[in-house]
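Have a look at the structure below, then the notes.
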Amino acid sequence: MNPLSAAELGILDWIAAHFQCGWMDQLMPAVSWLGNTGLIFIIWGVALLALGRWQRNVGFQILMALVLSAILCNLILKNAVGRIRPFDLNTAVSLLIPPPDDPSFPSGHSSAAFATAVVLLLTKTKGRWVALVLAVVMAFSRLYLYVHFPTDVLCGILLGSLCGWLAVHIWRRYLRGTALGRELTFVPRGGPPDDP
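Each residue of the sequence shown is one higher than the one before, counting from 1 in this note's numbering.
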């Protein structure tokens, strides 16, 4: 075991010693489950796209950020790095969820969560603070559940934030003025709102 992994296992053990309790054992798996395959974030993006009137372009940006996150995190980095999970090193841990079978680095849950939150924050969309709190709790849940190292989660947060920023940048610079952009942006009577 390399020194970094040993130090990170120490952090995970500290979290378990100081935070583990009955209600957290119920909450953390539920929060983590919401992020499986990016489920809650895909639903959020689709809901805005389908129901958000002039904010439907924000739904498009969320889905674009999630696609970028999936490509960079799940398809490229996880397979390129191939890091094993912390529970594979500390086999004495009893997991509260089924053990993931994909590589550990980076955290896909954290990446998807922060990709969504950053899009909502940058576009000043209603619900952005809820999304940020959910992203933070979801990232912590991956540590609590002993399925990711801290650096997996940290890099997932940074990667997701980058994907969220890229999606908003691509929309504003290249897509907003196109036919697609006009189709996705609802313009009410009296003039357009501040376009996110």
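All C-beta atoms in this analysis are idealised placements derived from N, C-alpha and C, irrespective of residue type, glycine included.
Relative to S104, the option among K124, L77, V31 whose CA is nearest is L77. Under a 10 Å Cβ-count criterion, D152 is classified as buried, with 16 or more other Cβ atoms of the shown protein chains found around its own Cβ. By the criterion of at least three beta-carbon pairs nearer than 8 Å, the region 145 to 160 is not in contact with the region 35 to 54. The beta carbon of L120 lies closer than 6 Å to those of R128, A131 in the same chain, with the five residues before and after it left out.
Pairwise C-beta distances place the region 46 to 56 out of contact with the region 92 to 108, as fewer than three of them are shorter than 8 Å. Contact between the region 80 to 98 and the region 22 to 30 is present: 3 or more CB-CB pairs across the two stretches fall below 8 Å.
Comparing alpha-carbon positions, the option among I71, L180, F60, A92 lying closest to T116 turns out to be F60. The beta carbon of G35 lies closer than 7 Å to those of H109, A112, A113, M138 in the same chain, with the five residues before and after it left out.
Residue burial is scored here from C-beta neighbours: G82 has fewer than 16 other C-beta atoms within 10 angstroms and is therefore classed as exposed. In terms of Cβ geometry, V118 and G164 form a close pair [threshold 8 Å].
Distance between L66 and L4, taken at the CA atoms: about 29 Å. Taken atom to atom, the span from the alpha-carbon of T123 to that of P106 is near 26 Å. Sequence-distant Cβ neighbours of L63 in its own chain, meaning closer than 6 Å and more than five residues away, are G45.
Exclusion of the five residues before and after V136 leaves no residue of its chain whose Cβ lies closer than 7 Å to its Cβ.
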